Amino acid sequence: MTQPIPMVEIWRGDLLESQHLGHAVVCDSSGQVVEAWGDDEKVIYPRSSCKMLQALPLVESGAADAFGLTSEQLALSCASHKGAAIHTDRVQVWLNDLGLSVSDFRCGPQKPSDKDAHEALVRAGKQPCQIHNNCSGKHSGFLTLTKHLGAGSEYTQVDHPVQRAARSAFEEMTGEDAEFYGIDGCSAPNFSTSVTGLARAMARMAKPTVKGARAQASERLVNAMRTHPELVAGEGGACTELMRAMNGKVAIKTGAEAVYVAILPEQGLGMALKIADGGTRAAEAAIAGLLVKYGALDANHPMARKRLHGPILNRNGLNTGHMRLSPDFIQL
């Protein structure tokens with residue numbers, strides 16, 4: 011079996027202190043591998059990087075139109091948001107429009123990662139609830155589809171019609187049968203695929219080769235993400251900052267345990283990567299490097315430099331080291 015390759019290096023002074031290894035694949039819209047590093051057949055859980063695939067049934071079933079969903083709501087259905095007011099206020103309106111409440115969610119409560127939102131809860135003496143969960147937009151989409159189908163309330167169960175539809179779309183887009191599934195942090199099932207399968211799915215979203223409901227759904231979801239990057243993550247989030255840096259030309263999405271994907275409509279390419287040790291800093295650097303290599307991101311943009319070369323500062327503000335892409339991966 012092919013082993014993961016060095017992708018990101020951490021230097022302190024003149025010593026290589028740490029090294030992150032991983033796998034990455036770039037596919038074109040025909041599903042062919044354009045370039046690969048490490049084990050392109052490595053089977054992974056894509057975690058939240060596949061939310062766009064999970065949202066496909068929401069759109070192609072007609073549920074999104076039946077409930078009049080906006081592009082903002084479609085972006086939220088693909089989001090791992092920070093629980094800021096711009097996210098939670100919109101999720102609450104969505105629930106109200108469905109005639110549902112926070113208790114209908116099955117994602118669980120989560121402390122907002124947005125500092126202002128967290129401090130507001132503390133000052134008010136309130137506890138975070140399910141609406142603050144970073145997946146509450148995705149779950150709003152699940153609830154919309156549940157209501158459209160007239161299905162039962164336990165929509166996170168693997169045999170529920172919503173999850174059966176999500177699995178079907180996932181396997182069709184990756185071109186692979188999901189050998190495994192695990193339960194994600196938000197309690198929904200997460201289906202396995204190879205890194206190549208995930209890149210293939212992103213390429214098919216970038217440039218669908220067959221017209222129809224799937225192609226239209228893919229285009230709407232990708233355009234929603236590109237139009238509303240602030241809803242996909244939030245201020246300070248890599249997805250938001252890098253999409254802004256690319257002027258809305260590319261959609262990118264992170265997943266837990268250092269998975270990252272990118273959808274490049276102009277180039278008709280899809281990218282997927284997995285850092286073996288689960289290090290987020292390395293996943294952000296690696297996806298930035300791939301985006302630069304394929305001409306989607308300016309290497310000198312501050313948001314690119316932040317991920318590719320960001321100095322490592324200590325508590326006194328002293329520059330103690332730096333991060334860089336491994337020469338075994340990409341030489342910029």
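Residues 11 to 342, numbered by this note's numbering, are exactly what the sequence shown covers, in order. From the three backbone atoms N, C-alpha and C, an ideal C-beta is built for every residue, glycine too. What you are looking at is a predicted structure, and each value in this text was computed from that prediction instead of being measured.
Under the three-state reduction of DSSP, residue 147 is assigned to helix.
Within its own chain, the residues whose Cβ lies closer than 6 angstroms to the Cβ of residue 148, once the five positions on either side in sequence are excluded, are 61, 87, listed in chain order. A straight-line Cα-Cα distance of about 27 angstroms links residue 166 and residue 247.
Residue 179 is positioned such that its CB atom lies no closer than 8 angstroms to that of residue 203. Of the candidates 20, 110, 309, 104, the residue whose Cα lies closest to the Cα of residue 80 is 104. Between residue 293 and residue 302, the C-beta spacing is not below 8 angstroms. Scanning 242, 152, 154, 97 for the CA closest to the CA of residue 126 turns up 97. Put simply, of 195, 135, 12, 77 the residue whose alpha carbon is nearest the alpha carbon of residue 50 is 12. Beta-bridge annotation (DSSP): residue 204 is paired with 53. Sorting 195, 266, 136, 183 by C-alpha distance to the C-alpha of residue 290 places 266 at the top. Shown here for residue 245: not one same chain residue has a beta carbon closer than 6 angstroms to its own, the five before and five after excluded.
When secondary structure is reduced to three states using DSSP, residue 182 falls in the helix class.
For residue 19, the pairing in a beta bridge is given by DSSP as 29, 334.
Per DSSP, residue 45 lies in no alpha helix (DSSP H); the unbroken beta strand (DSSP E) holding it starts and ends at 43-47. By the Cβ criterion, the region 325-334 is not in contact with the region 67-80, since fewer than three pairs of Cβ atoms, one from each stretch, lie closer than 8 angstroms.
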